[in-house]
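S.K.: Here's a structure for you.
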Amino acid sequence: MEKRRDFMKKVAIATGGLAFSNQSFGFTAKSYNRIIGANDRINVSIIGLNGRGGSMCTTFAKQDKCLVTSVCDVDSRTIPNTQKKIQNATGTTDVPKGEKDFRNVLRDKDVDAIYIATPDHWHATMTILGCQAGKHVYVEKPLSHNPREGELAVEAALKYKRVVQMGAQRRSSPLAIQCMDELHNGVIGRIYFAKCWYTNARKAMQLKPAPIPEWLNYDLWQGPAPRQPYQDGLIHYNWHWLWTYGTGEALNNGTHEVDLARWGLGVDLPTRVTSVGGRYQFKDAWQTPDTQIVCMDYPGRISLMWENRSSNGRKIEGADRGVIFYGDNGSLDTDGEDYTVYDLNGKVVRQVKKQSAAENAALQGRNTASPSLGLDSLHVANFLQAVRDNKKPNSDVVQGHKSVLAMQLGNIAWRVGRDLHINPSNGHIINDPEAQKLWSRAYEPGWEPKV
Numbered sequence: 517m518e519k520r521r522d523f524m525k526k527v528a529i530a531t532g533g534l535a536f537s538n539q540s541f542g543f544t545a546k547s548y549n550r551i552i553g554a555n556d557r558i559n560v561s562i563i564g565l566n567g568r569g570g571s572m573c574t575t576f577a578k579q580d581k582c583l584v585t586s587v588c589d590v591d592s593r594t595i596p597n598t599q600k601k602i603q604n605a606t607g608t609t610d611v612p613k614g615e616k617d618f619r620n621v622l623r624d625k626d627v628d629a630i631y632i633a634t635p636d637h638w639h640a641t642m643t644i645l646g647c648q649a650g651k652h653v654y655v656e657k658p659l660s661h662n663p664r665e666g667e668l669a670v671e672a673a674l675k676y677k678r679v680v681q682m683g684a685q686r687r688s689s690p691l692a693i694q695c696m697d698e699l700h701n702g703v704i705g706r707i708y709f710a711k712c713w714y715t716n717a718r719k720a721m722q723l724k725p726a727p728i729p730e731w732l733n734y735d736l737w738q739g740p741a742p743r744q745p746y747q748d749g750l751i752h753y754n755w756h757w758l759w760t761y762g763t764g765e766a767l768n769n770g771t772h773e774v775d776l777a778r779w780g781l782g783v784d785l786p787t788r789v790t791s792v793g794g795r796y797q798f799k800d801a802w803q804t805p806d807t808q809i810v811c812m813d814y815p816g817r818i819s820l821m822w823e824n825r826s827s828n829g830r831k832i833e834g835a836d837r838g839v840i841f842y843g844d845n846g847s848l849d850t851d852g853e854d855y856t857v858y859d860l861n862g863k864v865v866r867q868v869k870k871q872s873a874a875e876n877a878a879l880q881g882r883n884t885a886s887p888s889l890g891l892d893s894l895h896v897a898n899f900l901q902a903v904r905d906n907k908k909p910n911s912d913v914v915q916g917h918k919s920v921l922a923m924q925l926g927n928i929a930w931r932v933g934r935d936l937h938i939n940p941s942n943g944h945i946i947n948d949p950e951a952q953k954l955w956s957r958a959y960e961p962g963w964e965p966k967v
């Protein structure tokens, strides 16, 4: 198949060499009119149509001055279904172009931005290639499969001057923004600890060798990952629990709560990370922990803890997921929108809840396709406006990387079985060669990400 290095040569030819020019992707008025059109319409391609992509395609299609011009997936069955969804959502007869190879999308000069809802092992590589091809990027969490990829994604966004938004939708919630403002203005005093969690009742994973389905381009599905035999049951969700493709519950769902916790605590990168847990509920092919606690220490006597139970659905603090902040004058808990302030004795001081019908589109922690419902539209609108205005989006690539890196370090600590000492200036692991080997990964030859 066509490798990354060959593809980028073709992109450079197709765009007249622009893909590799820092200067050419500056946002002058003249170039901006060329990129997004005089009427500010943004043409978007949806890449990855199962799960999140199948939900988000209509969210993009319904946005003002946004046109979904193409949809793309290696599973050919999803393309006509998604095209129909978009037609129904917009009430038009226009049919987005269907693509089976994302590289065709990147070659399309009419595409201004891409939305990425592929498996985790593709997120950073596709983000980097998108930036190099001159596209703005909305990428679902996690930003990257491993820490080095996250660094490269940040480098690519800055080098090619692209807007990159990670799908941490709570960053665009008006109530979450209000909650964070209150925290930062001292509603519970000095905040020193945040506890966050996620629970589910996932079943055992059954994988078995099988022929590659005729509807699937399995080679391209694997992309940058080293080649492995196809197994029935892997696609389209169980890849989350295998290190080759996924990042476990820590990055699948933990990213959301840890991002909120970091935001509220006002911290960047930790000094120490530890993790305990395991795959306890079932004996199967699942490699990542189904039960896990990740603890992080930050400069300034601040700590953060994330707890997960993927296969035991009992709620924690009465909720499937959430964050509690502790300060020297009280505490505050939130699901990412509603929040409650308590005094030091645990007495409720004030509750803030969603009011409108749109706000009452509640967070559904166990809905894999659209867990945040109304927040998606706000976050997409923020991304599109950031592209038009040449401004940083609410969940920009730098903040996204910091939240994802925190949980990646938690996974690394769990895999090596000990505490990690971290340089808080860059997030790098200190004096642990075994752990440092997990900073990156092995790649299928020709698919190594480069900026």
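If you're matching positions, the sequence shown starts at 517 in our numbering and goes up one per residue.
For glycine and all other residues, C-beta sits at the position ideal for the given N, C-alpha and C.
It should be emphasised that the depicted structure is a prediction, and the values quoted were computed from it without experimental measurement.
#1: Out of 904, 965, 670, 926, which one is the CA nearest neighbour of residue 952?
#2: For residue 670, which option in 929, 648, 716, 690 has the closest C-alpha, if you only look at C-alpha atoms?
#3: Less than 7 angstroms between the C-beta atoms of residue 584 and residue 611, yes or no?
#4: Could you tell me which of 940, 699, 730 sits nearest to residue 815, measuring between CA atoms?
#5: DSSP on residue 644, reduced to helix/strand/coil?
#6: Under 8 angstroms by Cβ, that's how I've got residue 601 and residue 582 pegged, so tell me the actual separation to the nearest angstrom.
#7: Among 871, 844, 936, which one has its Cα closest to the Cα of residue 855?
#8: Residues in its own chain within less than 6 angstroms of residue 754 by CB, not counting five upstream and five downstream?
#9: Would you kindly work out how many angstroms separate the C-alpha atoms of residue 799 and residue 961, rounded to a whole number?
#10: Give the straight-line distance between the Cα atoms of residue 672 and residue 763, rounded to the nearest whole angstrom.
#11: Do the stretch 733-741 and the stretch 772-779 make contact, defined as three or more Cβ pairs closer than 8 angstroms?
#12: How would you label residue 538, buried or exposed, when you count the other beta carbons within 10 angstroms and need 16 or more for buried?
#13: Is residue 696 helix, strand or coil when you go by DSSP?
#14: Looking only at its chain, what residues have a beta carbon closer than 6 angstroms to the beta carbon of residue 911, apart from the 5 residues adjacent to it on each side?
#15: DSSP state of residue 541, grouped into three classes?
#16: Please state whether DSSP places residue 761 in a helix, a strand or coil.
#17: Take the Cβ of residue 860 as the centre, count every other Cβ of all protein chains shown within 10 Å, and call the residue buried at 16 or more, exposed below.
#18: I need the straight-line Cα distance from residue 930 to residue 633, nearest angstrom please.
#19: When the distance is taken between beta carbons, is residue 675 closer than 7 angstroms to residue 967?
#20: Where DSSP assigns a beta bridge to residue 732, which residues make up the other side?
#21: Mapping the DSSP letters down to three states, classify residue 721 as helix, strand or coil.
#22: Could you tell me if residue 728 is buried or exposed, where buried requires 16 or more neighbouring beta carbons within 10 angstroms of its beta carbon?
#23: Cβ of residue 620 within 7 angstroms of Cβ of residue 594?
#24: Using the beta-carbon count (16 or more within 10 Å), is residue 639 buried or exposed?
#25: On the premise that residue 629 lies in contact with residue 558, defined as a C-beta separation below 8 angstroms, what is that separation, rounded to the nearest angstrom?
#26: Taking the continuous beta strand (DSSP E) assigned at residue 739, which residues delimit it?
#27: Using the beta-carbon count (16 or more within 10 Å), is residue 700 buried or exposed?
#28: Which residues bound the alpha helix (DSSP H) around residue 559?
#29: Using only alpha-carbon positions, find the residue among 614, 636, 576 that is nearest to residue 592.
#30: Does residue 864 pass the burial test, meaning 16 or more other C-beta atoms within 10 Å, or should it be called exposed?
#31: Within this structure, are the beta carbons of residue 826 and residue 716 separated by less than 7 angstroms?
#32: For residue 903, collect the residues of the same chain with a Cβ closer than 8 angstroms to its Cβ; drop the 5 residues on either side in sequence, then sort them by chain order.
#33: At the 7 angstroms Cβ level, is residue 796 part of the contact set with chain C, yes or no?
#34: What's the C-alpha gap between residue 973 and residue 866?
#35: Look at the alpha carbon of residue 697 and the alpha carbon of residue 851, and state the distance between them as a whole number of angstroms.
#36: CB-CB under 7 angstroms to residue 770, same chain, minus the five flanking residues each way: which ones, in chain order?
M.R.: Well, looking at it:
#1: 926
#2: 648
#3: When the beta-carbon positions are compared, residue 584 and residue 611 stay at least 7 angstroms from each other.
#4: It is 940 whose Cα lies nearest to the Cα of residue 815.
#5: helix
#6: Going by Cβ atoms, the distance from residue 601 to residue 582 rounds to 15 angstroms, so no, they are not a contact pair.
#7: Among 871, 844, 936, the Cα nearest to that of residue 855 belongs to 871.
#8: Once the five neighbours on either side are set aside, the close Cβ partners of residue 754 are 721.
#9: 33 angstroms
#10: Looking at the two C-alpha atoms, the distance is approximately 22 angstroms.
#11: No: fewer than three Cβ pairs fall under 8 angstroms.
#12: Unreliable positioning characterises residue 538 in this predicted model, as indicated by a pLDDT of 34, which lies under 50. The coordinate reading is nonetheless provided below. Exposed: under 16 other Cβ atoms inside 10 Å.
#13: helix
#14: 681, 682, 684, 687
#15: Only weak support is given to the placement of residue 541: the predicted model assigns it a pLDDT of 37, under 50, and the value that follows is read from those uncertain coordinates. Three-state result, residue 541: helix.
#16: coil
#17: exposed
#18: If you take the alpha carbons of residue 930 and residue 633, they lie about 27 angstroms apart.
#19: yes
#20: Per DSSP, 591.
#21: coil
#22: exposed
#23: no
#24: buried
#25: 6 angstroms
#26: Premise fails: residue 739 is in no beta strand (DSSP E) and is neither H nor E.
#27: exposed
#28: Element bounds for residue 559: not the alpha helix (DSSP H) but the beta strand (DSSP E), 558-563.
#29: Its Cα nearest to that of residue 592, the residue 614 stands out among 614, 636, 576.
#30: exposed
#31: yes
#32: 552, 558, 628, 629, 652, 679
#33: The structure shown contains no chain C; it holds only a single protein chain.
#34: A question about residue 973 goes unanswered here, because the residues of the chain that appear run from 517 up to 967.
#35: Taking the straight line joining both Cα atoms gives about 16 angstroms.
#36: 714, 822, 824, 923
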